Every structure is written in C-alpha cells, then in structure tokens.
Amino acid sequence: MYGMYLSAEGANIQSKRLEFIANNLANLETPGFKRDIPTFQARYAEAIQQGQDYPGSQSINDTGGGVKLMNVDIDFSKSTFRDTNVDTDFAINGEGFFRVKDSEGQEFLTRAGDFDLDGAGNLMTQDGKYSVLDNTGKKITLDPLLPWTMIGAGNIEQDGDQIPLGLAQPQSLGDLVKVGNNTFRSLGPTTAVPNAKRDIRQGYLEQSGVSSIREMNAMIETTRAFEANTQLIQHQDTMVGALISRVLTS
Amino acid sequence: MSVQTLYTAATGMEALETKLDVIANNMANINTTAFKKDRANFEDLFYRQYRLPGAEDADGGITSTGIEVGLGSRVSSTQTNYVQGAMQVTNNPLDWAIEGRGFFKVNSINGPLYTRSGNFGVDANGQIVMGSATQGWILDPPINIPDNATGVVVATDGQVSYSTSDSTSLIPAGQLFLTTFINPDGLLKMGDGLYQATDSSGIATEANPGQPGMGNIRQGALEASNVEPVQELIDLITTQRAFELNSQVVQAGDQIMQVAANLRRF
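Chains A and B supply the protein sequences, listed in that same order. Under the UniProt record's numbering, the first residue of the first sequence carries the number 1, and numbering increases by one thereafter. Under the UniProt record's numbering, the first residue of the second sequence carries the number 1, and numbering increases by one thereafter.
Written as structure tokens, this is what we have:
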C-alpha cells in the first residue's frame, strides 16, 4: 500500500503546481509581476525518515519516498517594457526596486512603476496603499502648481529641485517574499542602488514576466502527470484487489 | 486542491473582463470631443502561506524561503490618460480647444463641474453654455454675448470679446478662466464630458489661460478624443487571448478534479 500513498503524493503535488500556474497566468497583465517557479524534490523513503536506515544504504528500504514541494523561486529576469506615454509611469532599466511604504511605516519593494499622485501631491502606488519614497526614505511630494519631469539617473526635477527616486536592492534576490499588491518584502537588509546604475525610464511600464506559452506547456505537463499518477493509483488498486480475491479463493 | 486553481483563474478572468469593459468604452468614445482614454491597472492578490520560512519539513530540512501560493490578480484602478488629443479645426467661433492641462469650469446645481469639451454655444439669455445632450451648462464665470453681436473672438489668453455692426473695434465680454488639478486622475467622471472635483484630485487652481501650466485657448478648433484605435485593438486582442488562457486553466483544474473523482473503482 506504500506505493499508493506515493502516487497520491505525486498527484497532489501536480495539482498544487497547477495553482502556481493559475496565479502566473492570472497575472499575465500585471505590471512588474515576476513568475513563481515551484521546485519539487524527491523525499527520503519512509524508513530513512524514521531513522531506521540511512540515505544511500542501497538496501531495500532506500527505494525513494515520493515527492515534496521544496520551495518557490521567483524568476526575477527583466521583462519587456511597454511605452505608455503616461508621466507617472516608471520602469527600472536594470537592477533594483522602487522603495514604497505603507501607512504603518513598513517598507516594501516593487518593480511596478504605475504610480499616481494623490490630492496632496504625494506620489503613490496605483491602489493608494503605499507611498513612493525618495532615496532617504521620505515620501515624495510634488508641488501641485509646478510642472515636473524626470531628468535621468532616477531624479525628478521640479522648480530646480531634484528629488531622487528611492531605489534599493536586497543582498540576495532570494530574500524577497511576495506580499501581493505588486510588492515584495525583504527578509534581509537592502542597500541603495549605486548612482551609476540608476536608470529609470519615464512613460514606460515593465510588463509581467509571465510567458503564456511556457505556462501553457507547464499546464499540459501538469495535467498529464496528474493523470499518470492517478492511473498508477488505479493499477495498484487493481493489483491489491486481485491479490485479495486470489487469497480468498485459495 | 485544484479548487484554488479554479478560483485563481476566475480572478484573472474577472480582471480581464474589466479591462475589456474599459477598452469597449474607449472604442465607443473614439469620436467624442476631448475624451480621455482610460487604462485598467492590474496587481497581484495576496499570497497564502503553505509553509513559513525557516520551518522544518518531513526530511528535517530547513528551507530559507517559505512556500506561498498567489491567489490571482485584480484591477487596482482605472487610470485616465490626460495626454493631449489632436486638434480638429472646425472654424466655428464658439469651438474652443485647450492646448495644455487646464479644464473649463461650468456651473451645475451640485456645484462646479469641469470639462475639456470646448463645443460651446449661446443660450436664449445670451450666455455661453457648454453644448451637451442633456442641458446647457453655463460657463463659470458667465460670459454674455448680446443680441447685436456679429462675431465672437477669444484670444489665446482667454479674453473674450465680440464685434458689432455699429462699432469698428472689439468690445470685451469677459475673461475665461482655466482650472488645473494636481491629480486629474482623481476627478470623478460624470459623463457628458464632465468631471467633478474630489478629495483625491487635490486643490483646484484657477488662472488665466496662458499662465504656466494652464494651457492656451485655440478658437475654431476642437480637441479630438485621445483614443488610439491601433493601440486599443492590440489591447483588445491581448486581453481576449489572456482571457482564453485563464479559461484554459479553469478547464485544467476541472479536468484534474474529474480525474480525481473517477479514481475509485467498484
């Protein structure tokens, strides 16, 4: 019966994988979205897990123990830009993230630069939940009466003043955790992006990093692997059934 | 289980449907005077934690990152693009286009409303009103054109004057003001080309046309809609395809459940 549980585990993990594919495809149009890649790993056999044997013993116990969801990686590769002609749209060409802060003062990072001004002239994210920060961690506030423009190297110029948009990068991209609303939380410390690497394009938006073809392929693979696992469950069921009837008739 | 797949894909389909609504409205207003196109902005929904970072799994391995599954997407806002529309020359003296950021102010029973549609007319009392299907909205401050006027002239700085058959020079009728907002995206759309100020649009700033950031008045022209048909059609195609892809995910989730449901044999 052990094999049945292993097959069930396989089927289960494929249906979980489909959840990741569903989320990736649902965010096909989300600016700055980075796709999730779930990684699976072979699990130790039951006997090894319980300490009755050791990995690599090559005994009958070491026959593999199914599969587990190891972790979820985020694919941070740069996506294509889209020309939007909107003044409050920004795209980061290169590395780094925009620094944003929620009303409780907690800082987050985002690649989605579809910002907007609120009634007081503060630069905010599109849902109005986070304020966009400058490189010292202060809110960016623009004078309502004067025109403003991006003058390169990530600086907003208004009336002779320059406000550098806050750009930060984590020590490792693996420190970033998705929290929704297009933002990431960094589990480790972040550092400012060096001046030479600050390159923000106004009037452009970074598109979603999801490739529909790749996801569709993954989806076909997933449904077929699910079917294969359930087929195996049925085979094992038939086998056990045959065994029982043979024992009963003998 | 794959029930989550169904709901996640449904959020994507719902958001894309909203985007389609926005595109439909943009396309419907392709010939509307001074119409400003909208855009649907997307964001991802929150994430469900399967396993917190640092938790121990069955093999005793400690993972540096947790496992979190996203629950789909939604439309975070529909944002209006106020980029200048093209100038349509009409040679009608009461067609005024704004070159710049400003809005005309008109009066209604519910307070001031703002518009960029400059297809004005003169009502029975000689007042300049905005031409609208439902009502003539009176320009604020009001400008009167008397019966004996033979022509109306607006300077780029908003000085309105008229000519008569018994005078050789132009007689001033009033001064036109323009209003700007720090965040025009925060204006409430009232239909009929009208906008209402909200807390989010910020303080209204009034000034003469020609002042910095206000814009100039161009007489005898109308501002065309800023909808770009090619862009909208491309958006239409990609939206439809993205919708199809999400519906495929629903089918896959359904198929998985069906396979699971037929697992048991008798």
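Think of the CB as a built atom: it goes at the ideal place given N, C-alpha and C, for glycine as much as any other residue. Please read these numbers as outputs of a predicted model, since none were measured by experiment.
Quiz item: According to a CB-to-CB cut-off of less than 8 Å, which residues of the stretch 73–87 of chain B neighbour chain A?
Solution: Contact annotation: in the stretch 73–87 of chain B, residues whose CB is within less than 8 Å of a CB in chain A are 73, 76, 77, 79, 81, 83.
Quiz item: Going by the beta-carbon positions, is the gap between residue 67 (chain A) and residue 9 (chain A) smaller than 8 Å?
Solution: yes
Quiz item: Should residue 209 (chain B) be labelled buried (16 or more other beta-carbon atoms within 10 Å of its own) or exposed?
Solution: buried
Exercise. Find the residues of chain A that neighbour residue 68 (chain B), judging by a C-beta separation of less than 8 Å, and give them in chain order.
Key: 72, 177, 178
Practice problem: With distances taken Cα to Cα, identify the nearest neighbour of residue 75 (chain A) among A:234, A:60, A:173, A:241. | Solution: A:173
Practice problem: Starting from the Cα of residue 223 (chain B), find the closest Cα among B:35, B:21, B:4 and give me that residue. | Solution: Per the Cα distances, B:35.
Exercise. Along the alpha helix (DSSP H) that carries residue 12 (chain A), what are the first and last residues, could you check?
Key: 2–26
Quiz item: Are the stretch 59–66 of chain A and the stretch 95–108 of chain A touching, with three or more C-beta to C-beta distances below 8 Å?
Solution: No: the two stretches stay apart, fewer than three of their Cβ pairs being nearer than 8 Å.
Quiz item: Three-state secondary structure (DSSP) at residue 82 (chain B)?
Solution: coil
Quiz item: At a Cβ threshold of 8 Å, is residue 27 (chain A) touching chain B?
Solution: yes
Practice problem: Report the option in A:213, A:169, A:88 whose CA atom is closest to the CA atom of residue 121 (chain A). | Solution: A:88
Exercise. Using 10 angstroms around the beta-carbon of residue 261 (chain B), count the other beta-carbons present and answer buried if the total reaches 16, otherwise exposed.
Key: exposed
Quiz item: To the nearest whole angstrom, what separates the beta carbons of residue 89 (chain B) and residue 215 (chain B), a pair I think is in contact under 8 Å?
Solution: 18 Å between Cβ atoms; not a contact.
Exercise. Check the Cβ-Cβ distances between residue 138 (chain A) and every residue of chain B, and say whether any is below 8 Å.
Key: no
Quiz item: CB-CB under 6 Å to residue 104 (chain B), same chain, minus the five flanking residues each way: which ones, in chain order?
Solution: 115
Quiz item: Is the stretch 160–167 of chain A touching the stretch 134–141 of chain A in the sense that three or more CB pairs, one from each, lie closer than 8 Å?
Solution: yes
Exercise. Check the C-beta distance from residue 177 (chain A) over to residue 167 (chain A) and give it rounded, since I have them as a contact under 8 Å.
Key: About 19 Å; that fails the 8 Å criterion.
Exercise. Determine, using beta carbons only, whether residue 11 (chain B) comes closer than 8 Å to chain A.
Key: yes
Quiz item: Taking Cβ positions, are residue 5 (chain B) and residue 259 (chain B) nearer each other than 8 Å?
Solution: no
Quiz prompt | Own chain partners of residue 120 (chain B) with C-beta closer than 8 Å, once the 5 adjacent residues on each side are dropped | solution = 94, 95, 96, 128, 129, 130, 131, 139
Quiz prompt | One or two residues paired with residue 194 (chain B) in a DSSP bridge | solution = B:115, B:191
Quiz item: By how many angstroms is the C-alpha of residue 177 (chain B) removed from the C-alpha of residue 106 (chain B)?
Solution: Between the alpha carbons of residue 106 (chain B) and residue 177 (chain B) lies a gap of roughly 11 Å.
Quiz item: At a CB-CB cut-off below 8 Å, which residues of chain B make contact with residue 20 (chain A)?
Solution: 69, 70
Quiz item: Among A:20, A:169, A:250, which one has its Cα closest to the Cα of residue 194 (chain A)?
Solution: A:169
Quiz item: By Cβ distance, which residues of its chain are closer than 6 Å to residue 117 (chain B), with the 5 residues on each side in sequence left out?
Solution: 33, 34, 193
Self-check item: residue 171 (chain B), buried or exposed, once every other Cβ within 10 Å from all chains shown has been counted against 16
Solution: exposed
Exercise. Tell me whether residue 221 (chain A) is buried or exposed, calling it buried when 16 or more other Cβ atoms sit within 10 Å of its Cβ.
Key: With fewer than 16 Cβ atoms within 10 Å of its Cβ, residue 221 (chain A) is classed as exposed.
Practice problem: Kindly confirm or deny that the stretch 36–45 of chain B and the stretch 69–82 of chain B touch, where touching means at least three C-beta pairs closer than 8 Å. | Solution: yes
Quiz item: What residues of chain B sit near residue 216 (chain A), judged by a beta carbon separation below 8 Å?
Solution: 245, 248
Quiz item: Quick one: what's got a C-beta closer than 6 Å to residue 182 (chain B)'s C-beta in the same chain, skipping five residues either side?
Solution: 202
Practice problem: Please list, in chain order, all residues of the same chain as residue 136 (chain B) whose beta carbon is under 6 Å from its beta carbon, the five residues on each side excluded. | Solution: 123, 129.
Practice problem: Please check if any C-beta of chain A sits within less than 8 Å of the C-beta of residue 140 (chain B). | Solution: no
Quiz item: What are the boundary residues of the alpha helix (DSSP H) that includes residue 243 (chain B)?
Solution: 229–261
Quiz item: Quick one, which residues of the stretch 192–203 of chain B are near chain A if we go by CB-CB under 9 Å, in chain order?
Solution: Correct list: 198, 199, 200, 201, 202, 203.
Quiz item: Around the Cβ of residue 112 (chain A), are there at least 16 other Cβ atoms within 10 angstroms (buried) or fewer (exposed)?
Solution: Buried.
Quiz item: Whose C-beta lies closer than 8 Å to the C-beta of residue 158 (chain B) among residues of the same chain, with five residues either side of it excluded?
Solution: 175, 176, 177, 178, 208, 209, 210, 217
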